[in-house]
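Quick notes on the structure that follows.
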Amino acid sequence: MPSPRYWREMPQRYRLEASQCTECGKVSFPPRIVCGCGARDFKKTNVSETGTIVSYTTIRVAPDAFVIQAPYNIAIVEADNGVRITTQVVDCAPEELAIGKKVKFVFRKLYEEGHCGIINYGYKAVLV
Amino acid sequence: MVGIVGYGSYVPRYRIKVEEIAHQWGKDSSAVKRGLLLQEKTVPGLDEDTITISVEAAKNALKRAEIAPEEIGALYIGSESHPYAVKPSGTVVAEALGIVPNVHIADYEFACKAGTEAMFVAHGLVKADLLKYAMGIGADTSQGAPGDALEFSASAGGSAFIFGKGNIVAEIIDTFSYTTDTPDFWRREGAFYPLHGGRFTGEPAYFKHVLGAGRAILEKSGYKASDFAYAIFHMPNGKFPLTAGKKLGFRKEQMEPGWIVPLMGNTYSGSSPTGFSATLDVAKPGDLILLVSFGSGAGSDAFIFKVTERINEVRNKAITVKELLEQNRIYLDYGQYAKYRGKIIMNE
Ligand SMILES: [Zn+2]
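Chains A and B are the protein sequences, given in the same order. Counting from 1, one number per residue, gives the positions in the first sequence under our numbering. Counting from 129, one number per residue, gives the positions in the second sequence under our numbering.
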């Protein structure tokens, strides 16, 4: 069964929609109800299309839905507008990753809910 | 004036060479390369499909169109590899681009010509003043059966075109469609790989329809082959489009920029649209371009475009097809390719 959470989170998963606090200007992703500064007034924005690798690792023993992709790379990426996102970095070998390398976000298939279930899509990163 | 306000393409980074496929099945690679004029083909990544390819191509089209996504009133995707049998590809793509909810969406299917169908309808709705902007996409992650000749060509990629009335980069001068019921190539519901009628696919299918549409649009518009700067014909292999073009009076130089099949393979619904995108990448203001698609079953859509001054402003706002085809290639061996294309049976 498709999870209600996947559906609810489409704007952030598909378009990297974030919220910017109108008080302190901090961009939150995923979008928040209350900012760290205590304010509750936000305007809609997007995470920048590009960013920099802050930290990374390679997964060699993968959970069931990802076995076919192993080994695959996971990184913490700091987007150009300061938002930090944990994401897969695809289309590259583990040896190609390094802290400080530039990436851009792309739209990819995340996983399939079994053979007959829905296909989950979202963002990943590729090296630029 | 109605025409294209933005165009863009996307091609996955993975490739397999003709030699690698030929070696797997004990075939002579030099005969295949000579006979079909193919060198390598694109292969989708494990996490890529018609939907993700459409999103990336459409993003590039939006960069060149310089319009807000919400202004697009219709989105049509033509493909023979929509990921779902029931559930549109277009809804996912529109959601990812931020076009929802005020938009009309449909998925098209007509073998290799579904992409130009999407373009044809998007263009018509703008021309009729029903919509300000409409997007037509042709994208595919085509599969040929293992060991079949189609395996050398069936590839992945796509292109997106936004139609509108202001700020256009290429005006549509004329269109023509030519269609008959011809059983040259098909795939039944539930079958994994398509079947084709062997020799039947050439003369009575591809050539009859491509030449039929090509001759008719030339006659209707009053143009001669020599009036055109460029022409693109659907590319099931390297040889067919060159032969069809020659029969219509076109020289190889007119077809060269859009003849992307040696490095790309046959991207089905994305084939002639991506050849057209590659041609726009090099075209000059005032150039006339002929585009003729072909889809088995069978039919051809023909378009005549006239390039405007704006091409020089938008060309470099997104990646070109040549860059997509020649940069950052990752080569797969046949084993990796079989895994990437889901040709290996796994336990659930
Ligand atoms: Zn705040």
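We treat Cβ as the ideally placed atom computed from N, Cα and C, and that holds for glycine.
Interface partners of phenylalanine 107/A on chain B, CB under 7 Å
Correct list: Thr180, Val183, Glu184, Ala224.
Report yes or no: do three or more beta-carbon pairs, one from the stretch 13-33 of chain A and one from the stretch 424-438 of chain B, lie closer than 8 Å?
By the C-beta criterion, the stretch 13-33 of chain A is judged not to be in contact with the stretch 424-438 of chain B, since fewer than 3 inter-stretch pairs fall below 8 Å.
For lysine 467/B, return the contacting residues in chain A, with the cut-off set at a CB-CB distance below 8 Å.
Ordered by position in chain A, the residues that pass the 8 Å Cβ test against lysine 467/B are Ile68.
Chain B contact residues for aspartate 80/A, given Cβ-Cβ distances below 7 Å
Neighbours of aspartate 80/A on chain B: none; closest Cβ ~17 Å, over 7 Å.
Closer than 8 Å at the beta carbon, the chain A residues around isoleucine 458/B:
Asp91, listed in chain order.
Is it buried or exposed, threonine 57/A, if we count other Cβ atoms within 10 angstroms and call 16 or more buried?
With fewer than 16 Cβ atoms within 10 Å of its Cβ, threonine 57/A is classed as exposed.
Pull out every residue of the stretch 159-176 of chain B whose Cβ sits closer than 8 Å to any Cβ of chain A, in chain order.
Taking 8 Å as the Cβ-Cβ cut-off against chain A, the residues of the stretch 159-176 of chain B that qualify are Gly173, Leu174, Asp175, Glu176.
For glutamate 299/B, which beta-bridge partners are listed by DSSP?
The beta-bridge partner set that DSSP reports for glutamate 299/B consists of Gly131/B, Lys434/B.
Going by Cα to Cα distance, which pick from Ala406/B, Ala186/B, Lys161/B is closest to phenylalanine 289/B?
Minimum Cα distance to phenylalanine 289/B is reached at Ala186/B.
Output yes if chain B places a C-beta closer than 8 Å to the C-beta of isoleucine 85/A; else output no.
Residue-level contact by beta carbon fails for isoleucine 85/A and chain B, as no gap is shorter than 8 Å.
Tell me whether the beta-carbon of alanine 341/B lies closer than 8 Å to the beta-carbon of aspartate 312/B.
Contact flag unset, no.
Starting from lysine 445/B, trace the beta strand (DSSP E) both ways and give me its first and last residue.
For lysine 445/B, no beta strand (DSSP E) encloses it, and the DSSP letter there is neither H nor E.
Are any of the Cβ atoms in chain A nearer than 8 Å to that of valine 214/B?
For valine 214/B, the answer is no, since every Cβ of chain A falls outside 8 Å of its Cβ.
Could you name the residues of the stretch 216-248 of chain B whose beta carbon sits closer than 7 Å to any beta carbon of chain A, in the order they occur along the chain?
Residues of the stretch 216-248 of chain B that bring their beta carbon within less than 7 Å of a beta carbon in chain A comprise Val220, Glu223, Ala224, Gly226, in sequence order.
Same chain only: Cβ atoms within 8 Å of phenylalanine 42/A, ignoring 5 sequence neighbours per side:
Counting only Cβ-Cβ distances below 8 Å, and skipping sequence neighbours, we find Ser19, Gln20, Cys21, Thr22, Ser28, Pro31, Arg32, Cys35.
Less than 8 Å between the beta carbons of leucine 391/B and serine 281/B, yes or no?
In this structure, serine 281/B does not lie closer than 8 Å to leucine 391/B by Cβ.
Arginine 64/A by DSSP, collapsed to three states: which one?
Note on identity: in this sequence residue 64/A is aspartate, with arginine being the wrong assignment. Note: aspartate 64/A maps to helix in three-state DSSP.
Contacting residues, own chain, Cβ-Cβ under 6 Å from proline 172/B (five flanking each side not counted):
Close CB contacts of proline 172/B within its chain, under the 6 Å cut and outside five residues either way in sequence, are with Pro140, Thr269, Ala284 (chain order).
Let me check you understand the geometry: is the CB of glycine 36/A closer than 7 Å to at least one non-hydrogen atom of ligand 1?
For glycine 36/A, the shortest separation between its Cβ and any heavy atom of ligand 1 lies below 7 Å.
Helix, strand or coil at histidine 251/B according to DSSP, with G and I counted as helix
In the structure shown, histidine 251/B sits in a helix (DSSP, three-state: H, G or I).
Does the Cβ of arginine 49/A lie closer than 7 Å to at least one heavy atom of ligand 1?
Residue identity differs from the one stated: residue 49/A is glutamate in this sequence, not arginine. Every heavy atom of ligand 1 is 7 Å or more from the Cβ of glutamate 49/A, so no.
At a CB-CB cut-off below 8 Å, which residues of chain B make contact with lysine 124/A?
Here the neighbours are Asp175.
Ranges of the beta strand (DSSP E) found wholly within the stretch 218-291 of chain B, counting only runs of at least 3:
Runs found: 232-236, 261-269.
Near alanine 446/B, what residues of its chain come up, given a Cβ to Cβ distance below 6 Å and the 5 sequence neighbours on each side ignored?
Contacts found: Gly136, Asn188, Lys191, Arg192.
Rounded to whole angstroms, how far is the Cβ of lysine 241/B from the Cβ of serine 405/B, which I believe are closer than 8 Å?
Contact between lysine 241/B and serine 405/B fails: their C-beta atoms lie close to 16 Å from each other, not under 8 Å.
Just checking, does the stretch 256-264 of chain B make contact with the stretch 195-214 of chain B on the three C-beta pairs under 8 Å criterion?
Between the stretch 256-264 of chain B and the stretch 195-214 of chain B there are three or more C-beta pairs closer than 8 Å, enough to call the two in contact.
Does the distance between the C-beta of lysine 26/A and the nearest non-hydrogen atom of ligand 1 fall short of 7 Å?
Lysine 26/A: yes, Cβ under 7 Å from ligand 1.
What are the boundary residues of the alpha helix (DSSP H) that glycine 163/B is part of?
DSSP places glycine 163/B in the uninterrupted alpha helix (DSSP H) bounded by 157-164.
Checking 8 Å against the spacing of the C-beta atoms, do tryptophan 387/B and glycine 398/B come in under that value?
8 Å or more divides the Cβ of tryptophan 387/B from the Cβ of glycine 398/B.
Straight-line CA distance for glutamine 167/B to glycine 425/B?
So the two alpha carbons sit approximately 27 Å from each other.
For tyrosine 131/A, which residues in chain B fall below 8 Å Cβ to Cβ?
Coverage of chain A is limited to positions 1 through 128, which leaves residue 131/A absent and any answer about it impossible.
CA-to-CA distance, tyrosine 14/A to threonine 50/A, given in whole angstroms:
Rounded to the nearest angstrom, the two C-alpha atoms are 15 Å apart.
Contacting residues, own chain, Cβ-Cβ under 7 Å from tyrosine 465/B (five flanking each side not counted)
Hits under 7 Å: Ile144, Val171.
Sequence-distant residues of the same chain with beta carbon closer than 6 Å to aspartate 298/B, five excluded per side
Note that residue 298/B corresponds to alanine in the displayed sequence, not to aspartate. Same-chain partners within the cutoff: Gly131, Ile132, Phe433, Val435.
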